[in-house]
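Take a look at the structure below.
Residue numbers (the numbering used here), protein chains in the order written: chain A, 1 to 320; chain B, 1001 to 1289.
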């Protein structure tokens, strides 16, 4: 393996491991999953459409907790390491600042990927559990309540007997348990009768969750660039403002009088977060089409690259 | 034929660092036009009170801070040259380590950054873990370590790539006297193997024990520098050490010295250092391996 690739692998691996061992990252992920899965059980309204609340709640939960996770993880992995001095030791090795910065971004995206995977599984479970004509899916509920036990008991045992990190293994086992729960529930209907796999699951939500994931990657790039100079609180606040401004950017821009330069500037600076919000496209039997997904992915890739370039300039000029 | 002058490993001329505020106005002149010439194979100490510019100088040598003025070369290259860092090892003042990792994981990570290959890195990690007394703690998270243990891990990562230039910021702080002595022996051994070592420390006794040359920094300027021996020598005072002298002969001896030289000598028993007494006592009481 070439030396640079080995360095990058080591940096991404370590930063991702550190983030996976962060209790706050774990709690944010677990809170999002729990909310996604439990909200449909408590729901007593349908908002005019079967599973509407479960679906929109799950997507909103993924976006909000994802933003918090992206902001927090970026600051922990970059700004806190600058403050604590850990980064001094890394930069005293033959590692370029560019490689370190990009590795940090890849580490944050790794955590987000795991989060998106868990959120997608939780969303599929949650929508399946949502009440049909106010009747709950009892079998599914039992299965969902078993998930945290199945994830945390082996993690606790590992911690007790071998001293391995509970948070790290709990995080990984939670992802595994959620996937197994989706597989298990995919084979049975509400009465426990065997059905063809996945026929009662809303598979169209999977690309919708991934679309939101693209938006989270974009926001993670912004968060990491901010984290070259700012600590957690201002970064998360700015990120939240960018998220909401991005969600209403089309409306905001339409209110501006015809000033082409200003409109162009706002369209360039403000991310168009509507490209990553799939709820409107899921109304009725709608789905996130491939063409829309591809357009959003291209937009996310270009915007993320631009933001990372700015972040890199900021990080290269930073003195420790 | 005169012996060749050792190659300078660190060379600085008029090195200056000014920290600026948000409006780019000069705030602090942390280092003020210092000249340094650290030669291959020597142990060089940078001394000074807090805020004298020691750590700033070290960070400029590591390329973590950019000098405002002056020139600086490290191993013949600019400190910003990434490839040069493969020949350097740095142990920071605090043990800035990843607290969720075990020593083994951490060293494997730094071996990856240093470009050490799999088998070579495993052998080197095992060797350092044993040499620095980390064997029993190799699978515990660093966050649970005492300061002294964390310092050992910090030193292990600095020595991982067998560097030519080793930079140590307050290396003995937090170490108990036995570990401190082992540490100093290790430094002397490294210097014998031709490694160049730059140490910043407040522990003057430790510096005196290991350094060949020192520079004293105050307000960003070098106030005194030279070999430890030269700086500490009092030219008008000579010390005469006699081993196995029968004390009954002392009055006669003193009167001869006084008569012949006109100087009245001070007489006292040579004392040992508290450190050597402590190390000997503890080592004697500890059970063998």
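Think of the CB as a built atom: it goes at the ideal place given N, C-alpha and C, for glycine as much as any other residue.
None of these values were measured; they are calculated from a predicted model.
Which of the three DSSP states is assigned to residue i in this structure?
i: residue 1090 of chain B; result: strand
i: residue 1180 of chain B; result: helix
i: residue 187 of chain A; result: coil
i: residue 1297 of chain B; result: Given a span of 1001 to 1289 for chain B in the structure shown, any question on residue 1297 of chain B remains unanswerable.
i: residue 19 of chain A; result: helix
i: residue 1069 of chain B; result: strand
i: residue 194 of chain A; result: strand
i: residue 1171 of chain B; result: coil
i: residue 297 of chain A; result: helix
i: residue 1150 of chain B; result: helix
i: residue 30 of chain A; result: helix
i: residue 1263 of chain B; result: coil
i: residue 1100 of chain B; result: coil
i: residue 163 of chain A; result: coil
i: residue 292 of chain A; result: helix
i: residue 1121 of chain B; result: helix
i: residue 1269 of chain B; result: coil
i: residue 55 of chain A; result: helix
i: residue 203 of chain A; result: coil
i: residue 1289 of chain B; result: Note that residue 1289 of chain B scores 44 on pLDDT, short of 50, meaning its location in the model is unreliable and no value can be drawn from it.
i: residue 1079 of chain B; result: coil
i: residue 1139 of chain B; result: coil
i: residue 1251 of chain B; result: helix
i: residue 1052 of chain B; result: coil
i: residue 1233 of chain B; result: coil
i: residue 2 of chain A; result: coil
i: residue 1001 of chain B; result: Bear in mind that a pLDDT of 48 at residue 1001 of chain B, under 50, signals an unreliable position, so the model cannot answer this.
i: residue 320 of chain A; result: coil
i: residue 38 of chain A; result: helix
i: residue 1132 of chain B; result: coil
i: residue 287 of chain A; result: coil
Using the DSSP secondary-structure output, state which residues sit across from residue i in a beta bridge.
i: residue 1218 of chain B; result: B:1221
i: residue 1227 of chain B; result: B:1213
i: residue 1045 of chain B; result: B:1199, B:1214
i: residue 1166 of chain B; result: B:1089, B:1197
i: residue 1039 of chain B; result: B:1008
For residue i and residue j, which I take to be in contact (beta-carbon distance under 8 Å), what is that distance rounded to the nearest angstrom?
i: residue 70 of chain A; j: residue 302 of chain A; result: Actually they do not touch by this definition, with Cβ atoms about 18 Å apart.
i: residue 1175 of chain B; j: residue 1061 of chain B; result: Between residue 1061 of chain B and residue 1175 of chain B the Cβ distance is about 23 Å, and since that is not below 8 Å, they are no contact.
i: residue 1108 of chain B; j: residue 1117 of chain B; result: Contact doesn't hold; Cβ gap of about 12 Å is too wide.
i: residue 118 of chain A; j: residue 77 of chain A; result: That pair is no contact at about 19 Å.
i: residue 1224 of chain B; j: residue 1231 of chain B; result: 6 Å
i: residue 1007 of chain B; j: residue 1031 of chain B; result: Contact flag wrong, Cβ pair sits at about 24 Å.
i: residue 112 of chain A; j: residue 66 of chain A; result: 7 Å
i: residue 1064 of chain B; j: residue 102 of chain A; result: Not really, about 19 Å apart at Cβ, beyond 8 Å.
i: residue 1245 of chain B; j: residue 1196 of chain B; result: Contact flag wrong, Cβ pair sits at about 42 Å.
i: residue 295 of chain A; j: residue 287 of chain A; result: Actually they do not touch by this definition, with Cβ atoms about 15 Å apart.
i: residue 26 of chain A; j: residue 1059 of chain B; result: Their Cβ separation, rounded to whole angstroms, is 34 Å, which puts residue 26 of chain A and residue 1059 of chain B out of contact at 8 Å.
i: residue 1016 of chain B; j: residue 1067 of chain B; result: 6 Å
i: residue 293 of chain A; j: residue 207 of chain A; result: 6 Å
i: residue 1190 of chain B; j: residue 1047 of chain B; result: Incorrect: roughly 20 Å between the Cβ atoms, too far for contact.
Let me check you understand the geometry: is the CB of residue i closer than 7 Å to at least one non-hydrogen atom of the ligand FAD?
i: residue 1207 of chain B; result: Absence of the ligand FAD is noted for the structure shown, with no ligands found whatsoever.
>> In chain order, what are the residue ranges of uninterrupted alpha helix (DSSP H) at least 4 long that sit wholly in the segment 78–136 of chain A?
In response: 80–84, 86–91, 97–129
> What residue ranges within the segment 1004–1037 of chain B form continuous alpha helix (DSSP H) runs of no fewer than 4 residues, ordered along the chain?
Replying inline: none
> Do three or more CB pairs link the segment 120–128 of chain A to the segment 232–250 of chain A at distances below 8 Å?
Replying inline: no
> Taking three-plus beta-carbon pairs below 8 Å as touching, is the segment 12–22 of chain A in contact with the segment 94–111 of chain A?
Replying inline: yes
>> List, from N- to C-terminal side, the beta strand (DSSP E) runs of 3 residues or more that fit wholly inside the segment 209–278 of chain A.
In response: none
> When the Cβ atoms of the segment 1214–1232 of chain B are set against those of the segment 1051–1062 of chain B, are three or more pairs found closer than 8 Å?
Replying inline: yes
> Per the contact definition of three or more C-beta pairs closer than 8 Å, is the segment 186–197 of chain A in contact with the segment 74–94 of chain A?
Replying inline: no
> Does the segment 1081–1090 of chain B touch the segment 1012–1023 of chain B, meaning 3 or more C-beta pairs lie closer than 8 Å?
Replying inline: no
>> Below 8 Å, how does it come out for the segment 265–285 of chain A and the segment 241–256 of chain A: are there three or more Cβ pairs, yes or no?
In response: yes
> Is the number of C-beta pairs between the segment 1154–1162 of chain B and the segment 1122–1131 of chain B that are closer than 8 Å three or more?
Replying inline: Cβ pair count under 8 Å is three or more, so yes.
> Would you call the segment 25–44 of chain A and the segment 185–192 of chain A in contact, with 3 or more CB pairs under 8 Å?
Replying inline: no
> Just checking, does the segment 21–30 of chain A make contact with the segment 159–171 of chain A on the three C-beta pairs under 8 Å criterion?
Replying inline: yes
>> Three or more C-beta pairs under 8 Å: does that hold for the segment 1175–1190 of chain B against the segment 1268–1285 of chain B?
In response: yes
> Contact between the segment 1063–1072 of chain B and the segment 1226–1237 of chain B: three or more CB pairs below 8 Å?
Replying inline: By the criterion of at least three beta-carbon pairs nearer than 8 Å, the segment 1063–1072 of chain B is not in contact with the segment 1226–1237 of chain B.
> Do the segment 1039–1050 of chain B and the segment 296–312 of chain A touch if we need at least three Cβ pairs shorter than 8 Å?
Replying inline: no
> Are at least three pairs of beta-carbons, each pair with one atom in the segment 208–226 of chain A and one in the segment 275–288 of chain A, less than 8 Å apart?
Replying inline: yes
> If you pair each beta-carbon of the segment 149–159 of chain A with each one of the segment 174–181 of chain A, do three or more pairs fall below 8 Å?
Replying inline: These segments touch.
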